[in-house]
Amino acid sequence: MAGRAVVVGGGGIGVASAYYLTRSGWNVTLVDKGGIGRGCSYGNAGLIVPSHSEPIPGPGVIGQALRFMMKRDSPFYVRPRLDASLLRFFWQFRRYCNAAKARHAFGALLSLSAGSLELYEELRRDGDADFFFERRGVIEVALTEAGLDHFRHAREALDAEGFTTKLLSRNEALAIEPALSPNVRGGLFTEGEAHGSSFAYVTSLAATLEKLGAHILADHAVSRLVHDSAQHMKGVELEGGETLEADLVVLAAGAWSRTLAKPLGVDIPLQPAKGYSCTIDTYEGAPSYPILVKERRVIVTPLDSRLRFAGTLELTGFDETIHGPRYEAVKRAGCEILNTRPPMENEEPWSGLRPVTPDGLPIVDWAKPYRGLLVATGHAMLGFTQSPMTGKLVAELASGAQPSISLEPFRLDRF
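Using the working numbering, you'd call the opening residue of the sequence shown number 37 and step up by one each time.
Right, here's the structure in full:
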């Protein structure tokens, strides 16, 4: 039976959870320590791409990461420090860096991603989320022959999952996207993928939430989760001392979820992974398709009147400062695959902390032994891609309904 719910976290996962809970009859309050959508939803790459639902751990990842660590402007960095949780994270992470576990994780992530893409269409069709969204497909480009060889293998796997793909020669890639540099060696085009403004999506869905009767408390930090002696959740306490009473608490606070759960003895194995983006005004001849360059770990995304370069993964704790050389490397890598250097007008630098788990899969599960505490976090770089389906699953769990997909891969106790 629906009752009162507090959702902690005003990003894509939290707002979607609040939306579907409200639609399911819950009396919802959404609370966030900052502005709604002002975390990772604000400056992420803007992709909704089920075809790229790969987990972070995989074959060869550790060796590649060690090579990256030798470069000051590399797309991957770990700040050396004595941190027991970080050491434990890496010890667990290495167990998942093999082909079998990566294939299993891809299938699980794909179920979340593909379901979300259809829900985005539904939200837009119903008028509940009005935001820049295009479903034109995505181009991944290669700068080397090795990159092209990777595409040939990747295409077989994607086609087996039902995606429609096409290997592109250099000329074919330039014909589809004239903004590409002639230095690209070729590409892989995947039909049906989407891109859009994550921030506009979150704020639009939040506005719908309020129209439906939900309450939103922005700029209100949660200091602790409240429960009784029988381990039943009773709500959350804000930093000012006010208590928001609830029968259900949804912890969707991204990288900060672990901090809030820890005093309860609930261990959520997360690390905050910093990413950067640079957003500029669009210009004549700018790309019209989202472009991925895995060899440079950068994404270039057209966002209506703006263009965004996004990339990097830094494990530096909760430090959101922008490291100049790596930020400049993101811009440089993005410009490298374009045929002209953008004018870089109205440049907006950004950094945000993505919540990453050791196996690269999110957590969508009850936090036992507590009754009424749901965890929805750990989506890493796929938060925008997987937002609506995660929110729907949260509402289904809370209401006792049959989940739309199997939640076995997303259990909290799998670690």
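Using N, Cα and C, we set each Cβ at its ideal position, and we do this for glycine too. This one's a predicted model, so the numbers in the text were calculated from it and none came from an experiment.
Margin query: Below 8 Å on the Cβ atoms is my contact criterion, and I expect P93 with C133 to pass it. Report the Cβ-Cβ distance as a whole number of Å.
Written below: Here residue 93 corresponds to residue number 57 of the sequence shown, with the count starting at 1. Here residue 133 corresponds to residue number 97 of the sequence shown, with the count starting at 1. The beta-carbon distance between P93 and C133, rounded to whole angstroms, is 5 Å. This is short enough to meet the 8 Å contact definition.
Notebook entry, point to check: Out of curiosity, what's the CA-to-CA distance linking N219 and P424?
Noted result: Walking along the sequence shown from the start, residue 219 turns up at place 183. Walking along the sequence shown from the start, residue 424 turns up at place 388. Straight across, the Cα-Cα distance linking N219 with P424 is about 38 Å.
Check: From this set, E372, E246, A120 and R115, which residue's C-alpha is nearest I327's C-alpha?
Finding: Translated into the one-based positions of the sequence shown, residue 327 becomes position 291. That would be E372, whose Cα lies nearest to the Cα of I327.
Check: Quick one: what's got a C-beta closer than 7 Å to R221's C-beta in the same chain, skipping five residues either side?
Finding: Numbered from 1 along the sequence shown, position 185 holds the residue referred to as residue 221. Result list for R221: A178, L179, T180, E181, G183, L184 and R206, in chain order.
Notebook entry, point to check: So A101 and V64 are in contact, right, with Cβ under 8 Å, and what is the actual spacing, rounded?
Noted result: By 1-based counting over the sequence shown, the position of residue 101 is 65. By 1-based counting over the sequence shown, the position of residue 64 is 28. Going by Cβ atoms, the distance from A101 to V64 rounds to 40 Å, so no, they are not a contact pair.
Next item on the list: Assuming F129 and S233 form a contact by the criterion Cβ under 8 Å, report the distance between their Cβ atoms to the nearest whole angstrom.
Entry: For this step, residue 129 is matched to residue 93 along the sequence shown. For this step, residue 233 is matched to residue 197 along the sequence shown. Between F129 and S233 the beta-carbon gap is near 32 Å, outside 8 Å, which marks them as no contact.
Check: According to DSSP, is E181 helix, strand or coil?
Finding: Taking the first residue of the sequence shown as position 1, residue 181 is located at position 145. In the displayed model, E181 falls within a helix according to three-state DSSP.
Next item on the list: Run the CB neighbour count on Q438, radius 10 Å, all protein chains shown included, and call it buried at 16 or more, exposed below.
Entry: The residue given as residue 438 occupies position 402 in the sequence shown. If you draw a 10 Å sphere on the C-beta of Q438, you find fewer than 16 other C-beta atoms in it, and that means exposed.
Item checked: Span of the beta strand (DSSP E), counted from its first residue to its last, around N10 -> The structure shown does not extend to residue 10, since the chain spans only 37 to 451, so no value can be given for it.
Next item on the list: Less than 8 Å between the CB atoms is what I'm expecting for A416 and R390, so what's the real figure, rounded?
Entry: The residue labelled residue 416 in the question sits at position 380 within the sequence shown. The residue labelled residue 390 in the question sits at position 354 within the sequence shown. The Cβ separation is near 5 Å, so the contact holds.
Check: What is the residue span of the beta strand (DSSP E) that H231 lies within?
Finding: For this step, residue 231 is matched to residue 195 along the sequence shown. In this chain, the beta strand (DSSP E) harbouring H231 covers A230 to G232.
Next item on the list: Inspect the CB distances between the stretch 332 to 347 and the stretch 359 to 370 and report whether three or more fall short of 8 Å.
Entry: Pairwise C-beta distances place the stretch 332 to 347 in contact with the stretch 359 to 370, as three or more of them are shorter than 8 Å.
Notebook entry, point to check: So S293 and L274 are in contact, right, with Cβ under 8 Å, and what is the actual spacing, rounded?
Noted result: By 1-based counting over the sequence shown, the position of residue 293 is 257. By 1-based counting over the sequence shown, the position of residue 274 is 238. Contact doesn't hold; Cβ gap of about 17 Å is too wide.
Check: Whose C-beta lies closer than 7 Å to the C-beta of L339 among residues of the same chain, with five residues either side of it excluded?
Finding: In the sequence shown, residue 339 corresponds to position 303, counting from 1. G82, F168 and S233, listed in sequence order.
Check: Count the other CB atoms within 10 Å of the CB of F354; is the residue buried (16 or more) or exposed (fewer)?
Finding: Position 318 of the sequence shown holds residue 354. Exposed.
Next item on the list: Could you tell me whether the stretch 188 to 197 touches the stretch 244 to 262, where touching means 3 or more Cβ pairs closer than 8 Å?
Entry: No, because fewer than three Cβ pairs between the stretch 188 to 197 and the stretch 244 to 262 fall closer than 8 Å, the two stretches do not touch.
Next item on the list: Under 6 Å Cβ to Cβ from P308, same chain only, skipping five residues before and after it: list those, please.
Entry: Position 272 of the sequence shown, counting from 1, holds the residue named residue 308. Closer than 6 Å at Cβ, skipping near neighbours: A291, F354 and L389.
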